[in-house]
Each structure stands twice: as C-alpha cells, then as structure tokens.
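Line by line, the protein sequences give chains S and R.
Position 601 (the first sequence) corresponds to 603 in our numbering; numbering is contiguous.
Position 89 (the second sequence) corresponds to 92 in our numbering; numbering is contiguous.
Backbone N, C-alpha and C fix where the C-beta goes; we use that ideal spot for every residue, glycine too.
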Amino acid sequence: MTIICPSSAIFVALRLFRLRNMIKKTGTFFIGLLLTLTSFAQEKFTLSGTVKSAASGETLINASVEVTGKAAGTVSNEYGFYSLTLPRGDYDITYSAVGFEPLSTTIRLTGDQVRNVSLPELATDLDSVKVTANTTGRTIRGTQMGVERLTMKEINTIPMLLGERDILKAIQLLPGIKSAGDGNSGFYVRGGSTDQNLILLDEANVYNASHLMGFFSTFNSDIVKDVTVYKGGMPAQYGGRLSSVLDVKMNEGNNQRYAVSGGVGLISAKLNVEGPIQRDRSSFLVSGRRTYADLFLPVFGDSSNRNTRLFFYDVNAKMNYTLGKKDRLYLSGYLGRDVLKLEKQFGMDWGNKTGTLRWNHIFNDRLFSNTSFIYSDFNYNIAINNSNNDLNIFSQIRDLNLKEEVQWYAGSSHALRFGFNSIYHTITPGEITSSGKTSYNNLYLQDRYSWETSAFASDTWKAAKWLNLAFGLRLSSFAIFGPGDFYEVDDAGTVTDTLRYAKGALVKNYWNLEPRIAASFILNNSTSVKASYARNTQNLHLVSNSAANFPTDKWIASTNVIKPELVDIYSVGWYKNLAGSRYELTTEAYYKSFQNQIDYRTGADVYTNDAIETQLLSGIGRAYGLELLLKKKQGRFTGWIGYTLSKTERKIEGINDGQWYNARQDRTHDIAIVTNYQLNKKWNLSANWVYYTGDAVTFPSGKYVIDKQIVFYYTRRNAYRMPAYHRLDLGATRQLKTRRKNTSSELAFSLFNAYGRENAYLITFQQNEDNPDITEAMQTSLFRFVPSISWHFKF
Amino acid sequence: MKKRNGAFRCFFFFLLLTATGCQKVIHVDIQDTRKKYVIEGTVTDQEDSYSVIVSQTLDVSDLNLFKGVEDAAVTVAEEGQPPVALEHRGNGLYRANASGKPGKTYYLSVRVGNETFTATSVMPEKVAFDTLYTTSRLFVGRQQGIATVEFRDPPPPGNAYRFTQIVNGEKENTIFITNDKLINGRNVIYELLIFSSDEASDLKAGDNLQVDMRCINMDNYEFWYGVTQSALGQNQSASPGNPATNIRGGALGYFSANTFDKRELSVK
Chain S
3 MTIICPSSAI FVALRLFRLR NMIKKTGTFF IGLLLTLTSF AQEKFTLSGT VKSAASGETL
63 INASVEVTGK AAGTVSNEYG FYSLTLPRGD YDITYSAVGF EPLSTTIRLT GDQVRNVSLP
123 ELATDLDSVK VTANTTGRTI RGTQMGVERL TMKEINTIPM LLGERDILKA IQLLPGIKSA
183 GDGNSGFYVR GGSTDQNLIL LDEANVYNAS HLMGFFSTFN SDIVKDVTVY KGGMPAQYGG
243 RLSSVLDVKM NEGNNQRYAV SGGVGLISAK LNVEGPIQRD RSSFLVSGRR TYADLFLPVF
303 GDSSNRNTRL FFYDVNAKMN YTLGKKDRLY LSGYLGRDVL KLEKQFGMDW GNKTGTLRWN
363 HIFNDRLFSN TSFIYSDFNY NIAINNSNND LNIFSQIRDL NLKEEVQWYA GSSHALRFGF
423 NSIYHTITPG EITSSGKTSY NNLYLQDRYS WETSAFASDT WKAAKWLNLA FGLRLSSFAI
483 FGPGDFYEVD DAGTVTDTLR YAKGALVKNY WNLEPRIAAS FILNNSTSVK ASYARNTQNL
543 HLVSNSAANF PTDKWIASTN VIKPELVDIY SVGWYKNLAG SRYELTTEAY YKSFQNQIDY
603 RTGADVYTND AIETQLLSGI GRAYGLELLL KKKQGRFTGW IGYTLSKTER KIEGINDGQW
663 YNARQDRTHD IAIVTNYQLN KKWNLSANWV YYTGDAVTFP SGKYVIDKQI VFYYTRRNAY
723 RMPAYHRLDL GATRQLKTRR KNTSSELAFS LFNAYGRENA YLITFQQNED NPDITEAMQT
783 SLFRFVPSIS WHFKF
Chain R
4 MKKRNGAFRC FFFFLLLTAT GCQKVIHVDI QDTRKKYVIE GTVTDQEDSY SVIVSQTLDV
64 SDLNLFKGVE DAAVTVAEEG QPPVALEHRG NGLYRANASG KPGKTYYLSV RVGNETFTAT
124 SVMPEKVAFD TLYTTSRLFV GRQQGIATVE FRDPPPPGNA YRFTQIVNGE KENTIFITND
184 KLINGRNVIY ELLIFSSDEA SDLKAGDNLQ VDMRCINMDN YEFWYGVTQS ALGQNQSASP
244 GNPATNIRGG ALGYFSANTF DKRELSVK
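Okay, here's the thing in structure tokens:
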C-alpha cells in the first residue's frame, strides 16, 4: 500500500476512528441494521422497476439509476430489476447504461411506485462516441474489488486469431488474468490454476470452456449480453472455485421484432435468429455456430487429411415468458460438441450440455427472487478402431443444481442477498468398453456421487457517505456418497486400506465457512480506497497429466483423502478517475494463501487408476502481486494498459525436497496494451500488444542411457523459464452501408502476431538428426502472421 | 495402456499438423548438476543372461558418449543360492553366465567406491509369444506395415509386457509396454505402432524384422511407464521427472528379472 499517499492513509484512519464511535453508538452492525430497517419504513417510499433496451426489449444488467443532486442511486440487477428507496418528494431520476441513450424523468414520490423504463440505443454516428455511464465494472463507490466487466463492443473490436471473436481471449488482456498460452483458452487468475475458475453460462457450470483443444472458447460472442469476471473478493452468492468467477449471461431474444444476425469467417459461420413470440411478453433466440476448418485440410495435400474431421459446433436456444407483472420464466439451453476423426481409426468427440430454467418473482417492490434449476453435463468419447481391435472410452461429469436467491432492498442504505445452492454431482471417471471380439476387456472406473450444498447471506451497507461496507458469509457442505470403494493411502502413495460403502452411505462430509468482507472508503468523488477479504473453497479438482488443455483432463471430487482446496484472498486497492472520468486508474494488490493444492507424482497415471489418490500429492501455495490498469473510456481513442507484477509458488511434500517452487503459471511481468481508434464513420482500427515472462518449466539437468536409448534426468521442478512471450495483433473494421435502421453490416480484418514473433509453445529435448551425439533443445511455435477476414451482419 | 497413449500422441501429432507451426533449435542454459550412478540390471530365463550395466549421468550439453563405470563390484543372487559375481566385460558392462527361472526372486548388489546399491526383482511366469506378422494400414498419413504380435494373457491379473522392435539389427526407440488391466485373460493382438513422420523408419520389403517379448513385473512396468510419460525430454507432460526405480541407495535405472522370447521374419 505504499502507493497510496500518506494523507489518504491518515484520512482512512480518521474515518475508521469515527466509524468506531458510530458503531459504539448504535451497538453492533446487526442491531444497527435492524434499527435502520424499521425506522425507515414509515416516511420512505420505493421506486422500483425494470430497465430494458427499447429496440430489443432485452433487460439491461447493471444500468445505473441516479438521483440528480443526491448521492442516492442504485444499479439494476442481473435481470434488469432495480429498487430505490427515498423519502417522500420530487426527484429527477436518470437511467443510463453503456451503449444506450440516458433517460431522465421527474418523479413525484408519494407512495411506492413501479417505473419500467426502456432506453434507446446510442446512435452509432461518430459525433456521439461517448460513454455515459460509469458502469464498466469498477466504480469508485462500490465495495466490489477485482471485478472487470467488458462490453461486447470492447470485445468485438479486439483483433483475434482467425477473426473469431472470443470473450475468454478478451478477458486475458486484463491485469491479473493470464493466458495459458497460444492455443489454450485456459486462463490463470492471480496465481490460481486453470481449474480454479468458476465459469457460468446463464448460471450453469461450464466444465470445459474450450473448443478445438483450446483454440476457441465455447461462448458464441454474438449473443453474449454481459461478461463479468471477479478476480478476488467474490460476492457470497458465488462459490465452489478458488480463484475467479466468470459470469456470462446470454441475450434473451428480441421481444420487439424479428432479427437475424450472424457472421462468416475463415473458419466458422454463425447465425442467430431471435424475435417475439408475443410482443413485449415473450421472445426466443436460437443461435448456431460451426467451424469448417477441416474442409480446407485437403488443400494441404496430405492424403490422410481427406478422411480427417476436425470441427465443432454449438447451439444456444432460449425462450422467456412474462407471466404477469411479477413473474417471468426463462428457459435456456446450450449444446456444444467437438469432433475429431483421424481416418477410420481414431475418433473423439466431446462437449458441454447445459440447461437452465429460471423463475423471477417480484414479491414486492423491495424483494426480488430468482429460482433456478440447472443441468450441466460435460462428457467425452474416444473410439479407437482398426482391423484387429476396437476400444471405446467414455467419461462424464453431470450436475443437477437448484439455486434460490433473494434480493432484499432493505432500505436506502442496505441491500441484502441470501439464498442457497444445492448441486448433485455424478462423475463417471472412465468407462472403457470393447466389442468383445478383440483384445480388450471392459473396464469401469467407479462412478462418484457427491452433493454440494451451500447457504449464503450478504449485506451491502452504505454506512456513511464516505464508507460502503459489504459483508457476507457462505456456509458450504460437500457430502460424498457411496456406493463404491474408497481408499486409505500412505505417504508413498500405496493403498493401505480399502473401505467399502453401500449405496447412499455417507463417506465424508466437509463443512466450510467462507466469510467475504469488503469496504470502500470514498476519499472524494473521483478517488477511493478499498480493502477486501474472501475465503473460497473448492471440492472439484481437474486432474491433467499434460501441460496443454485436453478435453480428457479429468474432473474428480474430493474424497476421504483428497481434501477441499481452500484459499484466503486479501486485497487492497486504490481507484482514481482522471480528467473528468475520461480515464480510470485502478491499482490493486493481493495476497493469496492456498491450502490442499494438488500436484502429480512423477509419471502419474491418472486415467486407469481407480485409486487416483495414489497418483497425487498435496501441499500449500501462495501468490501475491500488484496490478495496474489505466483505461481510457471516451473519445475516438479508447483502450487500456494493464500491468501485473506477481509471484506464484507451491510447496508440496515430495516435490523439490519440500521447498517452495515456482508454479507453472508464475509470471513476473505481464503487460497488455489494448487500443481502439474510431477513424471515421466507416473505419474502426484496433491494435493490441502483449508481453509476459515465460512460464516456469522443468528442463532436464542431465541424461543417461537405458536400453540403448537416451533418458533425461530431472532434479528440480519448474526451475527453468520458457522464453518471454510477446505479440502484436492488428485489426480493422469497415462498416458497410445498410438500407434500414437498426441493421448493420461490417467487414472485419485482422492480423494475428503481426511481427511474426516465434513464441515458444513447446520446448523439447532430442538428438540432432545428423549427429545423434548432440542433444539439442527444439522450440515449437504455433502462429505467426495469421491474417483473417470476416463479415458480420445484423438485420 | 499403450493404446491410450497412442491416442494421445495421435492427438498431439494432429495438433501440430493443423497449426501453422514451425520448429527451430534454440540455446537453453542448463545448470550442470552432480553426477548420479545409473544401473540397468537384467536377469532373464535365457542362457548367459545375468547382465548389469553401470554408468553415470552426463550433462545435457555433453556429447552422448556414455562411459561405463569400470570399478564396480556387482553380484546377483537367486533366492536360496549364493551370490554370483558378475565380471566386467568393458565399458561398464558386467555379466555372468547364469540364467534365471520364472517365479524366483533375484537380489542385485552394486558397490562403487563407498556407495552400495541394492534391488530385488521377481521373475514373472512366462507367457508364450504366439506369432509375429505384419499388418498393413493407413497410419499417420501413409500406408504402413506394422509389426503385430499375438499372445494369450493368463487369467490371473498382474501381468505386464515389454516389446522391442529390431529392424536389420537396429533397435527402434519406441517403448512398447502394456499391463493387463484391459487385456486380462484375453487373446491379445498387439500392434507396435510407431508415431513417426519420417518415412525412413517404415518397414520395407526385404527388411529383417525381429520383435523381442519380455514378461516383466509391475515394478519394471512402472519404470517404463514413467519413462514414456515424463523422461523423454518432451515437456508437454505436466510433471517431467525421473521414473520410479526399484534400486535402493540413490541410483537411477532398474533391476528387472524377466522372461525373454523373440520372433523374426523377413518383411514381404
């Protein structure tokens, strides 16, 4: 916190002192809370309603509702609902949202009032290139830290590999969120592993968020409505993963008119159809995307490519229905599948399926409820088939999930959320089957059953003009059930005992309390200091024996031996709006302490072992860092510069003699510069540049010969570094003329890795082909100078 | 689980194929490290089969000219028998004209300077090598002849096998191992799949093809599995490291009592 000037530290100290007095006066927080709730009930009234887009009828998330001349205000929730309690009187209320014209209205508040508003979309002509609402994630006043919200406009102008717009790739340009490398849509948040990110699509867990082994993400960006990522200090309603929450909400479908949009690119085509089922009341949206890269494979000449398939598709379908003034139902589904086929001999397909049924109910103007019933499924199939043998491998993780969340706008200074979440997980680690006439027996690894339940409550309290507090608590339970054999394992990884459980018998129940606390001290209108603490736990772990992301990476649940992963995240930040909010400066520092982190024994076989515990090691970790983000939000020229300085380490008995060692994702420096320039009405130009320290990797320290073959000798885990990574991408978008209003047509050009840096994807050690006496290090890099063109339309 | 492995390599091969990738040799600074002893000890059911090679590790930047350790005292004992001293035959190779028997336990002792290394290995029962032939099919992009062996895995679980392919007297470096988790008790058709983009490594008409079959114990299977997973210099493994050894005292390598059989044919 040395970055903050001493005067602000004194300011905070003084304020804290006053707060202490205040607490003394009112007793505890909770008594204070109860008092405020009851005392406000008489002379105050509530203004509530839903904020929507006028053009599409889509509800707007995080739209701001401000009272002119007062500090009072609120933002709409994830279903567009807002509730604002004010004393009797006349008010000028301004509704605004990113990308929409603000709307001001005068309201005479003499009783509770419902006011639904529809905001017109911001005209796209150059003169009005302005951002009117300060709701791009970070705010000065709010307590939430470590949150980023990217608009689809920002995401769509970032040049991407092969022109495929991708929200996962876009968020990796933010400080603290690091790409797992070329051809890998996995990402590391503040030193967390790739499996420590909670990825939600309309509230459903997405277990594998990548297509084509990581080159593309499962999210079709055309129909994404909102992307919010929490890097730390997660609100209490989220749980189950240690390091981040990526909450993706899809569009609901236009309930005003039929619309068709889509795009055609070098490797994929997309089509989205939406429209009202009953105008203003209900709508649908169907969207599909398929890649056709494999159609070009024969061009490369190799005869085998003709019988090769490599593609993915995804389908999103949604429907919503307004039942009355107080109820709304949403049904949404996602289906994505990747198919890889090599000749007739090897086939593999994998994908996610999710389904969400949601019911919004407004009990009254201050009490909003959402009930969700969610299904998620990730599975893969491998088929190996040749003249002699055939073999099928199937693996799956399935969730049934019930979630209830109530939002209570308790008064002008309190907003409460509480509810519960209950998920039943069924994991099929591996079923290996064969037709029987071949060399193989069937092998069934035991299915695993677990029930993850949590209850949460949180309160956001505007304690004073200069102080906002948020405190929440999450109680989580993870119960593991039979039937099945569970194992006791000693330090050497040998099974010492097998415990047999009957169907439904409780094997183990882990309870965890997860407090979440955050405070923001508002120094002035443009400056604040925030601090937060959060504890998160995680009971599903991704086990992968490869540094690349394969769909065959395996999700396992905690067992009697594998303990829940746990993290304590401490963060502090300093926030400053500059030049009349044209610039935002965000500085955050964090320290994370991890427990029960999983690593693998050397040469671990995680695929055919029922007692997977025998292949794993467990230990602790720590991560700390400093993140700087300077963002320019208005004008022709927009963009940001992000920088992260960080350290991530693990300490695991059995690796590096139990000493601290760098985690693979330890990166000292990470820089991203993202720029966008609106040249004129027709042309939009963009460029981004990234630089980061190479990953920590294990290289051999020596070599020896076994059976006339060279084998490498290793001494230290992750003691070496990949070369530094850097890359420049360029993009340009040309608007084409369209005849009607609210339609658009554009051509997007991009050049990925514009200066052709050979970034190391892999470094292997091998013998020189001409002189086998020499061992050499061979670097493989993937993409250089990849141009693309794509066409996007909206009618 | 050789099959499974193959699938993954196939996968990886494909990834590299589709990417507009490029490869180049780079310089990597590797810190030199203290040398370690390496022991490769075998006892088979053949004549003159006690064999132990003692060597040391080299630095990564050294030329691949391995020097044997010539002053070691090496003995192998069969259970219930006195130890047999192995005689140094040059460049770290120690041998004794003795043969092992399935079901017996063997004890290895190697003394170098004031360090002593010991290991124990039980020779598994012999499984017959039924036939060797070649099958021809499209594989990694071209029609290839593939060495195929047949054997019948016995009903009790716990068997493991290692094959080596030798063409015109030259050993192919692919490691072919399988345990019986998936093939227990079955008549097994096992293909020696070689993932190489180099056509020169394909079987050609007139080649002399020899395949060796070893019935190995689980310790030795774990060692070779470890080698394939994490010690061949390919760091796409999440945890490169040294394969599990059954040698006590801090040496690398293995001691294996295994059966041995071979078949030969002339490729048509």
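Taking all protein chains shown into account, Gln-661 of chain S has fewer than 16 neighbouring C-beta atoms within 10 Å of its C-beta and is therefore exposed. Of all C-beta pairs linking the segment 146-158 of chain R to the segment 108-126 of chain R, fewer than three are shorter than 8 Å, placing the two stretches out of contact. Residue pairing of Asp-461 of chain S in beta bridges, as defined by DSSP: S:Leu-418 and S:Phe-473. Ile-395 of chain S and Leu-170 of chain S have their C-alpha atoms roughly 29 Å apart. Going by beta carbons, Ala-665 of chain S and Thr-650 of chain S fall inside the 8 Å limit.
Annotated three-state conformation of Met-321 of chain S is strand, per DSSP.
Interface residue (Cβ-Cβ distance to chain R less than 8 Å): Ser-783 of chain S is classified as such. In terms of beta-carbon proximity, Gln-49 of chain R stays away from the interface with chain S, with every pair separated by 8 Å or more. Contacts with chain S at 8 Å (Cβ-Cβ) include Tyr-228 of chain R. Burial is judged here by how many other beta carbons sit within 10 angstroms of a residue's own beta carbon; Gln-49 of chain R has fewer than 16 and is exposed. Between Met-724 of chain S and Val-699 of chain S, the C-beta spacing is below 8 Å. Counting along the chain, Gln-680 of chain S sits inside the beta strand (DSSP E) bounded by residues 671-680. The straight-line gap separating the alpha-carbon atoms of Glu-516 of chain S and Ala-417 of chain S is approximately 20 Å. Interface with chain S (8 Å Cβ-Cβ cutoff): Cys-218 of chain R is excluded. A direct Cα-Cα distance of roughly 17 Å separates Thr-616 of chain S from Pro-243 of chain R. Listed along chain S is no residue with a C-beta nearer than 8 Å to that of Ser-54 of chain R; the closest approach is about 11 Å.
If only uninterrupted alpha helix (DSSP H) runs of at least 4 residues are considered, none is enclosed by the segment 148-223 of chain R.
In this structure, the alpha-carbon of Val-28 of chain R lies about 6 Å from that of Ala-779 of chain S. Gln-198 of chain S places its beta carbon less than 8 Å from that of Leu-244 of chain S. Listed along chain R, the residues sitting closer than 7 Å to Pro-702 of chain S by beta-carbon distance are Val-63 and Gly-236. In the DSSP assignment, Ala-99 of chain R is bridged to R:Tyr-53. Close to chain S, meaning a Cβ-Cβ distance shorter than 9 Å, are the following residues of the segment 125-141 of chain R: Thr-138, Arg-140 and Leu-141.
The DSSP-derived three-state label of Phe-701 of chain S is coil. In this structure, the CA atom of Ile-56 of chain R is about 40 Å from the CA atom of Asp-668 of chain S.
Taking a beta-carbon distance threshold of 8 Å, Ala-494 of chain S does not count as an interface residue toward chain R. Just so you know, the alpha carbons of Leu-152 of chain S and Gln-232 of chain R end up roughly 41 Å apart. Against chain R, the CB of Asp-668 of chain S has no partner CB under 8 Å away; the residue lies outside that interface. Taken atom to atom, the span from the alpha-carbon of Val-608 of chain S to that of Thr-561 of chain S is near 15 Å.
Within chain R, the residues placing a beta-carbon under 7 Å from that of Glu-345 of chain S are Leu-141, ordered along the chain. In the DSSP annotation of this structure, Met-154 of chain S is not part of any beta strand (DSSP E); the continuous alpha helix (DSSP H) holding it starts and ends at 154-159. If you compare the alpha carbons of S:Ser-284, S:Glu-655 and S:Leu-764 with that of Asp-492 of chain S, the shortest gap goes to S:Glu-655. Contact of Ala-606 of chain S with chain R is assigned, a C-beta pair being separated by under 8 Å.
Secondary structure note for Lys-578 of chain S: its beta strand (DSSP E) is the uninterrupted segment 567-580. For Asp-351 of chain S, the pairing in a beta bridge is given by DSSP as S:Val-341 and S:Asn-383. Contact between the segment 379-399 of chain S and the segment 411-426 of chain S is absent: fewer than 3 CB-CB pairs across the two stretches fall below 8 Å. Residue-level contact check: Tyr-715 of chain S touches chain R, since one or more beta carbons of chain R fall below 8 Å from its beta carbon.
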